[in-house]
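Here the structure is laid out as structure tokens; the discussion comes afterwards.
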Amino acid sequence: MWLELFPLALSRLAAARLRALLTMLGVIIGVGAIVALVSVAQGATSGITSLIEGLGTNLISISPGANRFGFVRGAAGSANTLTLADTDAVAALEGVDQVAPTVGTVAVVVSGSHNTTTSISGVTPAFQKVRAYDIWRGSFISEAEDRAGLRVAVVGSATADALKLDLNAVGSQILVGGVPFRVVGVLQPKGILDDQVMIPLSAMRNYFVAGDYVQSISVSALHPDTIPLTKVRISNLLRARHGIATGVESDFTVVDQAQLLSAFGTITGFLSLLLAGIASISLLVGGIGIMNIMLVSVRERTREIGIRKAVGARERDILLQFLIEALVLSLAGGLFGIVFGVGASAAIGAIAGWGLHVSTQTVVLAVVFSIAIGVVFGVWPARQAAKLDPIEALRYQ
791 MWLELFPLAL SRLAAARLRA LLTMLGVIIG VGAIVALVSV AQGATSGITS
841 LIEGLGTNLI SISPGANRFG FVRGAAGSAN TLTLADTDAV AALEGVDQVA
891 PTVGTVAVVV SGSHNTTTSI SGVTPAFQKV RAYDIWRGSF ISEAEDRAGL
941 RVAVVGSATA DALKLDLNAV GSQILVGGVP FRVVGVLQPK GILDDQVMIP
991 LSAMRNYFVA GDYVQSISVS ALHPDTIPLT KVRISNLLRA RHGIATGVES
1041 DFTVVDQAQL LSAFGTITGF LSLLLAGIAS ISLLVGGIGI MNIMLVSVRE
1091 RTREIGIRKA VGARERDILL QFLIEALVLS LAGGLFGIVF GVGASAAIGA
1141 IAGWGLHVST QTVVLAVVFS IAIGVVFGVW PARQAAKLDP IEALRYQ
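This is the structure we're talking about:
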């Protein structure tokens, strides 16, 4: 019986196509917004995950602690608590593949008539493998260049673009903080940390930053499964080297990619729920629109309802008829909304560069929401129609 009501509901809605379309518009916008916003959040999560995974192979990062000035604690990483000797000690630990210390500063870089202010990183040859950098042109800093403290530089892709370094960049000269350096390589775009110039750590010591301290130590573990144990070994080693007693806070931090991914996953998950909640408001507005138009429909078809009851239709038949009409409206709006949402997320993904990310779970959730809106906001108008007195309904003009 109820299956026969679907064609009837479609014919009723087709008779008032413009009104049906305007009624569905709220549901279309609501469902489309949910699909698009959740998909954009998933795409952003995927993009961030790719960037973090691209930071290095089995990467563990060691950063110095914070300075304290009286009762004021400085920013994390502001203390000089890591040294080159710490780097050598970490490199000797079991489970460690390679270690790459980094010392950084900021300087103006000039090439011909072009200049830019960017990060200058003093690194060792191991930095390329530990942080998984690929060379576009030329080569990375060699062991011999680092030992000799030669003034050579590897330029990030964004910096190369800013300085208008073309295919002939390798072998050209740039000024880093007023000091001439020869470009030996240009890095492939990585999507993160592309705006920098890398020079030998020894040259950084000679020309820019004196002392034995390093600003970070990047460690490549031998295997992903050994990362947790390697982190514990690093922490125990550095605490012993720095003379930190039990129960006292470490003057350094040790993090791995899994921790970064977990932190970003928590943030993006919260944002996904927040965005979906905001989009649900427009879906509720669409539901109210459906309820309003169904109440109008009940009033317009009062006489029809009276005739149906007079020829034997039961209350539940009338209830089901109007409920199915509300359901068809919301479900059709939901399907159009899914198409709209997928199209919007595809366009945003193409612009942002992370592609289309629409999960089956999101689509199913959108369909369930559409059905729920039709049922919840269609019940009251349907009950109003079902409870009409047939005699009074037949007298209605």
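Be aware that the sequence shown starts at 791, since it is given in my numbering, and climbs by one per residue. All C-beta atoms, glycine included, are put in the ideal place defined by N, C-alpha and C.
Which residues in the same chain as residue i place their Cβ atom closer than 7 Å to its Cβ, once the five residues preceding and following it in sequence are excluded?
i	result
threonine 1016	Gly885
glycine 816	Ser1072, Val1075, Gly1076 and Gly1079
isoleucine 1128	Val821, Val825, Val1153 and Ala1156
arginine 1031	Asp876 and Ala879
serine 851	Ser1006, Ser1008 and Val1045
threonine 1150	none
phenylalanine 1130	Ile818 and Gly822
leucine 1146	Ser1135, Ala1136 and Gly1139
valine 1169	Leu1113
alanine 938	none
Using a Cβ-Cβ cutoff of less than 8 Å, which residues in the same chain neighbour residue i once the five nearest sequence positions on both sides are dropped?
i	result
proline 1171	Met1081, Met1084, Leu1085, Ser1087, Val1088, Phe1112 and Ala1116
arginine 809	Ile1083
glutamine 888	Ala881, Ala916, Lys919, Val920, Val1009 and Ser1010
valine 973	Gly928, Val942, Ala943, Val944, Val945, Leu955, Ala959, Val960, Gly961, Ser962, Gln963 and Ile964
phenylalanine 859	Residue confidence is low: phenylalanine 859 scores 48 on pLDDT, short of 50, so the model does not pin down where it sits. Its coordinate-derived value is still stated next. Here the set comprises nothing.
aspartate 984	Gly946, Ser947, Ala948, Thr949 and Leu977
leucine 1019	Gly885
lysine 1021	Ile850, Val1044 and Asp1046
glycine 1033	none
By Cβ distance below 6 Å, which residues in the same chain neighbour residue i in space, the five residues on each side in sequence not counted?
i	result
tryptophan 1144	Gly833, Ser836 and Gly837
glutamine 1174	Val1088
valine 862	For valine 862, the predicted structure reports a pLDDT of 44, less than 50, and the residue's modelled location is therefore unreliable. A value from the coordinates is still provided. Correct list: empty, nothing qualifies.
methionine 988	Ser911, Val913 and Val944
leucine 940	none
arginine 995	none
isoleucine 925	Gly975
glycine 867	Confidence is the limiting factor: at glycine 867 the pLDDT is only 49, short of 50, which leaves the residue's position unreliable, though a coordinate-based value still follows. Around glycine 867: Ser853 and Pro854.
leucine 1061	Ala831
Of the residues the options, which one's Cα is nearest the Cα of residue i?
i	options	result
leucine 1063	Val899, Ile824 and Ala810	Ile824
serine 947	Ala879, Thr895 and Ile982	Ile982
glycine 1123	Ala952, Arg807, Thr813 and Arg1106	Thr813
valine 900	Val945, Ala993, Ala1156 and Ser1040	Val945
valine 1118	Val999, Gly1131 and Gly1164	Gly1164
proline 1014	Asp984, Ala1000 and Gln1047	Gln1047
alanine 1162	Ala952, Arg807, Arg1104 and Ile1114	Ile1114
tyrosine 923	Val1169, Lys980 and Ile1141	Lys980
leucine 953	Phe971, Ala1000, Gly902 and Leu1061	Gly902
alanine 1000	Arg807, Asn870 and Phe1060	Asn870
alanine 934	Pro990, Ile1068 and Phe971	Pro990
Considering only their Cβ atoms, is the gap separating residue j from residue i smaller than 8 Å?
i	j	result
alanine 943	alanine 950	no
valine 976	arginine 927	yes
serine 1025	valine 1044	yes
alanine 1011	asparagine 905	no
serine 1070	serine 1120	no
aspartate 1002	glycine 855	no
serine 992	aspartate 936	yes
alanine 875	leucine 1027	no
threonine 1066	leucine 811	This sequence places alanine at residue 1066; threonine is not what is there. Result no, Cβ atoms of alanine 1066 and leucine 811 do not sit closer than 8 Å.
threonine 1058	alanine 831	yes
serine 829	serine 1135	yes
glycine 967	alanine 890	no
threonine 907	phenylalanine 998	no
valine 790	leucine 872	The requested residue 790 does not occur in the structure, where the chain is confined to residues 791 to 1187.
valine 1204	valine 1148	The chain is shown from 791 up to 1187; residue 1204 falls before or after that span and cannot be answered.
To the nearest whole angstrom, what separates the beta carbons of residue i and residue j, a pair I think is in contact under 8 Å?
i	j	result
phenylalanine 930	threonine 892	That pair is no contact at about 14 Å.
glycine 818	phenylalanine 1167	In the sequence as displayed, the identity of residue 818 is isoleucine instead of glycine. With 8 Å as the limit, isoleucine 818 and phenylalanine 1167 do not qualify as a contact, their Cβ atoms being about 15 Å apart.
glutamine 986	serine 909	4 Å
arginine 1023	leucine 883	5 Å
Bridge partners of residue i, per DSSP?
i	result
valine 973	Ala943
phenylalanine 1042	Pro854
methionine 988	Ser911 and Val944
tyrosine 1003	Thr873
serine 1149	According to DSSP, serine 1149 bridges with nothing at all.
valine 1008	In the sequence as displayed, the identity of residue 1008 is serine instead of valine. The partner list for serine 1008 (beta bridge, DSSP) reads Ser851 and Ala890.
arginine 1023	Its beta-bridge partners do not exist; DSSP assigns none.
glutamine 963	Arg972
histidine 904	Ser901
glycine 1124	The partner list for glycine 1124 (beta bridge, DSSP) is empty, contrary to what the question assumes.
valine 1169	Answer is none; valine 1169 lacks a bridge partner.
isoleucine 925	Leu977
valine 896	Ser909
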